[in-house]
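*Asks:* Dropping the structure in here first, questions after.
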Amino acid sequence: MTASCGGSDGPVDTSRLTDRQREWVEYSYAHEKNEDVKRTWEQLPAEGVESFLDQQRPRLCSDMDALMKSLKEAGYEAGEMQEYREKTTELLC
649 MTASCGGSDG PVDTSRLTDR QREWVEYSYA HEKNEDVKRT WEQLPAEGVE
699 SFLDQQRPRL CSDMDALMKS LKEAGYEAGE MQEYREKTTE LLC
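Each residue of the sequence shown is one higher than the one before, starting from 649 at the first, in our numbering.
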């Protein structure tokens, strides 16, 4: 996924994102367990990906406890949750 996500050639159009945002979207997409969420990412145009990320940033960055709870409910293991948290903090927050 990471090689094919860098613009409109891949499943997610990240052409309007910064390098850090693109890296986070690629990481998040590659580790997403919900196929419906993956399809949603794939169907968004570049502007939609950028807008969705802007809308999600406050939720992802302001309440790490809620993020971890959400990941646990989605079926992530403890190590996966920690890695997701670290990537989110590093690349988005």
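Cβ atoms here follow ideal geometry from the backbone N, Cα and C, with glycine treated the same way.
1) Is the number of C-beta pairs between the region 660 to 678 and the region 693 to 704 that are closer than 8 Å three or more?
2) Kindly indicate the opening and closing residues of the alpha helix (DSSP H) around D713.
3) Counting only the same chain and skipping the five closest in sequence on each side, list residues whose C-beta sits under 8 Å from that of L708.
4) Can you give me the C-alpha to C-alpha distance between A726 and Q691, rounded to a whole angstrom?
5) Over the uninterrupted alpha helix (DSSP H) stretch that includes D667, give me the two end residues.
6) How would you write the range of the alpha helix (DSSP H) that V685 sits in, first residue to last?
7) Where Y677 and M712 are concerned, what is the direct C-alpha to C-alpha distance, given to the nearest angstrom?
8) Distance, Cα to Cα, E731 vs P693?
9) In chain order, what residues of the same chain lie with their CB nearer than 7 Å to the CB of K717, ignoring the 5 residues before and after it?
*Replies:* Working from what's here:
1) yes
2) The residue labelled residue 713 in the question sits at position 65 within the sequence shown. Start and end: 712 to 721.
3) Residue 708 sits at position 60 when you count from the first residue of the sequence shown. Cβ within range, chain order: L715, T736, L740, C741.
4) In the sequence shown, residue 726 corresponds to position 78, counting from 1. In the sequence shown, residue 691 corresponds to position 43, counting from 1. If you take the alpha carbons of A726 and Q691, they lie about 30 Å apart.
5) On the sequence shown, position 19 is the one that residue 667 refers to. 667 to 679 is the extent of the alpha helix (DSSP H) around D667.
6) Counting from one through the sequence shown, the residue named residue 685 turns up at place 37. First-last of the alpha helix (DSSP H) with V685: 683 to 691.
7) Sequence index remark: in the sequence shown, residue 677 carries index 29 (1-based). Sequence index remark: in the sequence shown, residue 712 carries index 64 (1-based). Spanning the two alpha carbons is a distance of roughly 19 Å.
8) Indexing the sequence shown from 1 puts residue 731 at position 83. Indexing the sequence shown from 1 puts residue 693 at position 45. Roughly 27 Å between the two C-alpha positions.
9) Position 69 of the sequence shown holds residue 717. Taken in chain order, the list of residues that qualify is empty.
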